[in-house]
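Asks:
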Amino acid sequence: MADLEISNFIHNIIDKDLADGKNGGKVYTRFPPEPNGYLHIGHAKSICLNFTTAQKYGGKCNLRFDDTNPVKEDVEYVDSIQEDVKWLGFEWDKLLFASSYFDIMFHCAVKLIREGKAYVCDLSADEIREYRGTLTQPGKESPYRNRSIEENMDLFLRMKEGEFPDGAKILRAKIDMASPNINMRDPALYRIAHQSHHKTGDEWCIYPMYDFAHPIEDAIEGITHSICTLEFEDHRPLYDWVIRETCWENPPQQIEFARLNLTNTVMSKRYLKALVDNGDVTGWDDPRMPTIAGIRRRGYTPEAVRDFCERIGVAKANSTVETELLEHCVREDLKDKTVSKMVVMDPIKVTVRNYPEGRTEMVEVENSKNPEDGSRMVPFSRDLYVDRTDFMEEPVKGYFRLFPGNEVRFKGAYFLVCEEVIKDENGEVVELICTYDPETKCGGTFSARKVKGTIHWVDANSAVPIKVNAYNQLFIDGEDGKQVVNPESLKVYNAFAEPAVGEMKAGERCQFFRHGYYIKDTKTGDFNRIVDLKSSWKKK
Ligand code: ATP
Ligand code: MG
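Going from the sequence shown to my numbering is simple: count from 1 and add 406.
Okay, here's the thing in structure tokens:
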């Protein structure tokens, strides 16, 4: 992980709070996902921020499921979210569910009604929108605003008892319909939803709204710094109102930061769910998905994701980070953790004419540029494969790989020269006839001439056939400027690999020499391209 300390305005706020003796010197944070989908890389930023902030100040961080909306929530998501947080390398203090506070929230609502600070409103959703006013015009008061406390209490209890259908009534805060902040114009606190909840079953048919529930959840858990994304900035006065009016000893403080946006990436659980439901991808953990489950299967490492989150820092203004930076972090992490193997993606047959038929020798190939990584023995024979991209019949200027008459080194083995090109009836190259120079064996003393190119190869007899999934970005710009699914986001290769690749375990990573970093897929046993070798990312 990069240990450079990037300025983090949230830590500056906490430093000041600690200096002022606030919260008894405690720093409690929480990561509060709604279990309505799998987490994405944007959530990773929030996870890293909340957990590392608690770590930095010797505090605690809870994992709290914000499960107050039964309609879209599911236990599958509850499980996947825990797995993702653990994979990123964090341990929560407590695992909590907002739904276990439904009683307390209900009592808070009753308290507000009793004090004349909340009322039951019969306006329809459309009417409420109409009455709300606009940014430039104040709202109108609801005709139900001045119901008596007794009537409100009676109606609210009957809402709870299930007497009214969905949408018939809501409980609203009585604040100020003329407030310049629309969120303060008598916002909804409770709504009716005859829906089973994944935790509470059919116990409730009224559910609290996010803006009412969230501050209470934070207060119950003794959260000191409630970190959320920027779109909640205008909701902060309401957050503070709820905390104040429902009376908590240690009021939590909401702090907003800019959410992570990545180029060519859509980060919205709703949108990602649609991709899954439409079959555009194979599932939430499709290796092309920007979900944590997806990038895990793709082969990204938690170290790389944490490094990325640290490098992008925490800001108060929205911006878009280049996806290439994330890929750069992945390369940086993998380069010293993986050894390289030889894999031919798109094979052309090579016959070494002057190499004895039936003979196989083992040649020594280094595992990486780092001598400490050692070497391995790889079979070499008369029948080989090379990559189609390593041959050009008519080479362009500066091309040092195989072309007729050109001599190159076959990595770890000999110098070979291409003598003859064999094509099929369509003119496609199917075989290269080469000769080798036995004097040039790698590791020997040969020094009479040098070659400019080194290419990788595999021995045809011992090669292991593998399926390789080369992923490209999942999203591209559509005609209307919106992101659409890239029809070329997956290219499959039927490749040949040296024997050692056949022994790799599921989840194991390596470098395919000159191609990139790959992982053996945990589900299919195919090989996924994690990231290619070249970096197009430049530090600005
Ligand atoms: P989505 O719109 O993708 O469903 P969400 O914000 O509704 O995301 P939540 O489950 O409510 O998802 O999010 C849990 C936490 O993660 C919240 O504190 C939220 O602010 C944070 N979060 C969500 N998306 C991002 C992002 N792109 N960058 C940083 N933090 C994010
Ligand atoms: Mg949400």
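All C-beta atoms in this analysis are idealised placements derived from N, C-alpha and C, irrespective of residue type, glycine included. None of these values were measured; they are calculated from a predicted model.
Assign residue 448 to one of three DSSP states: helix, strand, or coil.
Replies: Here residue 448 refers to the residue found at position 42 of the sequence shown. In this structure, residue 448 counts as helix in the three-state DSSP scheme.
Asks: Identify, in the order they occur along the chain, each residue of the same chain with its Cβ nearer than 7 Å to the Cβ of residue 410, setting aside the five sequence neighbours on each side.
Replies: As a first step, residue 410 is located in the sequence shown; it is residue number 4 there, counting from the start. In this prediction, residue 410 has a pLDDT of 43, which is less than 50 and means its spatial position is unreliable; what the coordinates show is noted afterwards. For residue 410, where only same-chain residues beyond five positions count, there are no Cβ hits under 7 Å.
Asks: Given this structure, state the Cα-to-Cα distance separating residue 711 from residue 484, to the nearest angstrom.
Replies: Along the sequence shown, one-based indexing puts residue 711 at 305. Along the sequence shown, one-based indexing puts residue 484 at 78. Rounded to whole angstroms, residue 711 to residue 484 spans 21 Å at the Cα level.
Asks: Using the Cβ count rule (16 or more neighbours within 10 Å means buried), how would you classify residue 531?
Replies: For the purposes of this step, residue 531 is taken as residue 125 along the sequence shown, with counting starting at 1. So residue 531 counts as exposed.
Asks: Under three-state DSSP, which class holds residue 922?
Replies: If you number the sequence shown from 1, residue 922 lands on position 516. Residue 922 falls in the strand class under three-state DSSP.
Asks: Less than 6 Å between C-beta atoms, sequence neighbours within five positions excluded: which residues of the same chain meet that for residue 418?
Replies: To locate residue 418, count along the sequence shown from 1; it is residue 12. The answer is none, since no qualifying residue turns up.
Asks: Quick one: any contact between the segment 510-524 and the segment 561-577, if contact means 3 or more CB pairs under 8 Å?
Replies: Touching, per the Cβ criterion.
Asks: Applying the 10 Å Cβ sphere with the 16-neighbour rule, what's the burial state of residue 856?
Replies: For the purposes of this step, residue 856 is taken as residue 450 along the sequence shown, with counting starting at 1. Exposed, by the Cβ-count rule.
Asks: I want to check one thing, is the minimum distance from the CB of residue 674 to the heavy atoms of the ligand COA below 7 Å?
Replies: Among the ligands in the structure shown, the ligand COA does not appear; only the ligand ATP and the ligand MG can be found there.
Asks: According to DSSP, is residue 494 part of a helix, a strand, or is it coil?
Replies: Locating residue 494 in the sequence shown gives position 88, counting from the first residue. Coil, per DSSP.
Asks: Do you know how far the Cα of residue 449 is from the Cα of residue 461?
Replies: For this step, residue 461 is matched to residue 55 along the sequence shown. For this step, residue 449 is matched to residue 43 along the sequence shown. Cα to Cα, the separation comes out at about 18 Å.
Asks: Residues in its own chain within less than 6 Å of residue 759 by CB, not counting five upstream and five downstream?
Replies: Against the sequence shown, residue 759 aligns to sequence position 353. 839, 841.
Asks: If we require 3 or more residues per run, which beta strand (DSSP E) segments fall completely within the segment 817-874?
Replies: Runs of the beta strand (DSSP E) inside the segment 817-874: 821-829, 835-843.
Asks: List in chain order: all unbroken beta strand (DSSP E) runs of 3+ residues lying wholly within the segment 522-599.
Replies: Those beta strand (DSSP E) runs which fall completely within the segment 522-599 and span 3+ residues are 524-527, 576-579, 594-598.
Asks: Does residue 642 come out as helix, strand or coil in the three-state DSSP assignment?
Replies: On the sequence shown, position 236 is the one that residue 642 refers to. Residue 642 falls in the helix class under three-state DSSP.
Asks: Report the option in 621, 543, 846, 440 whose CA atom is closest to the CA atom of residue 583.
Replies: Your numbering for residue 583 matches position 177 in the sequence shown. The shortest C-alpha separation from residue 583 is found at 543.
Asks: Could you tell me the distance, in whole angstroms, from the CA atom of residue 633 to the CA atom of residue 907?
Replies: Along the sequence shown, one-based indexing puts residue 633 at 227. Along the sequence shown, one-based indexing puts residue 907 at 501. Taking the straight line joining both Cα atoms gives about 45 Å.
Asks: Could you check what DSSP says for residue 458 in three-state terms: helix, strand or coil?
Replies: Within the sequence shown, numbered from 1, the residue matching residue 458 stands at position 52. The answer is helix: DSSP assigns residue 458 an H, G or I state.
Asks: I need the DSSP call for residue 714, collapsed to helix, strand or coil.
Replies: Here residue 714 corresponds to residue number 308 of the sequence shown, with the count starting at 1. Looking at residue 714 - three-state DSSP - the assignment turns out to be helix.
Asks: May I ask you to report which of helix, strand or coil DSSP gives residue 880?
Replies: Here residue 880 refers to the residue found at position 474 of the sequence shown. Here residue 880 sits in coil by DSSP.
Asks: Can you give me the Cβ contacts of residue 943 inside the same chain, cut-off strictly under 6 Å, excluding the 5 residues immediately before and after it?
Replies: Counting from 1 along the sequence shown, the entry for residue 943 is found at position 537. Here residue 943 scores only 47 on pLDDT, less than 50, and its place in the model should not be relied on; the value that follows carries that caveat. Counting only Cβ-Cβ distances below 6 Å, and skipping sequence neighbours, we find 730, 731, 734.
Asks: For residue 606, which of helix, strand or coil comes out of DSSP?
Replies: Here residue 606 refers to the residue found at position 200 of the sequence shown. DSSP places residue 606 in coil when its eight states are reduced to three.
Asks: Look at the Cβ atom of residue 349, then the Cβ atom of residue 636, and state whether they are nearer than 8 Å.
Replies: Since the first residue shown for the chain is 407 and the last is 946, residue 349 is missing from the structure and cannot be characterised.
Asks: Can residue 508 and residue 610 be called in contact, C-beta distance under 8 Å?
Replies: As a first step, residue 508 is located in the sequence shown; it is residue number 102 there, counting from the start. As a first step, residue 610 is located in the sequence shown; it is residue number 204 there, counting from the start. Closer than 8 Å, so yes.
Asks: Is the segment 870-883 touching the segment 824-837, taking contact as three or more C-beta pairs under 8 Å?
Replies: The segment 870-883 vs the segment 824-837: no contact.
Asks: Considering only C-alpha positions, which residue in the set 914, 812, 586 is nearest to residue 826?
Replies: In the sequence shown, the residue the question calls residue 826 occupies position 420. Selected option, being the one with the closest Cα: 812.
Asks: Going straight from the alpha carbon of residue 620 to that of residue 472, what length do you get?
Replies: Counted from its first residue, the sequence shown places residue 620 at position 214. Counted from its first residue, the sequence shown places residue 472 at position 66. Rounded to whole angstroms, residue 620 to residue 472 spans 8 Å at the Cα level.
Asks: Could you check what DSSP says for residue 928 in three-state terms: helix, strand or coil?
Replies: As a position in the sequence shown, residue 928 is number 522, starting the count at 1. Coil.
Asks: Mapping the DSSP letters down to three states, classify residue 751 as helix, strand or coil.
Replies: Counting from 1 along the sequence shown, the entry for residue 751 is found at position 345. Residue 751 falls in the coil class under three-state DSSP.
Asks: How about the segment 432-452 and the segment 697-708: do they share at least three Cβ pairs that are nearer than 8 Å?
Replies: A contact exists between the segment 432-452 and the segment 697-708.
Asks: For the 8 Å Cβ check, are there 3 or more pairs between the segment 736-752 and the segment 925-937?
Replies: Touching, yes, given that three or more Cβ pairs across the two stretches are closer than 8 Å.
Asks: Let me know the secondary structure DSSP gives residue 662 once reduced to three states.
Replies: Stepping through the sequence shown from its first residue, residue 662 is reached at position 256. Reduced to three states, the DSSP call for residue 662 is strand.
Asks: Indicate whether the contact test is met: 3 or more Cβ pairs, each with one atom in the segment 890-897 and one in the segment 921-928, closer than 8 Å.
Replies: Output reads no: the segment 921-928 does not touch the segment 890-897.
Asks: Does the pairing of the segment 877-892 with the segment 757-773 give three or more beta-carbon distances under 8 Å?
Replies: Segments in contact, no.
Asks: Check for me: the beta strand (DSSP E) holding residue 1001 runs from which residue to which?
Replies: No statement about residue 1001 is possible, as the shown extent of the chain runs from 407 to 946 and does not include it.
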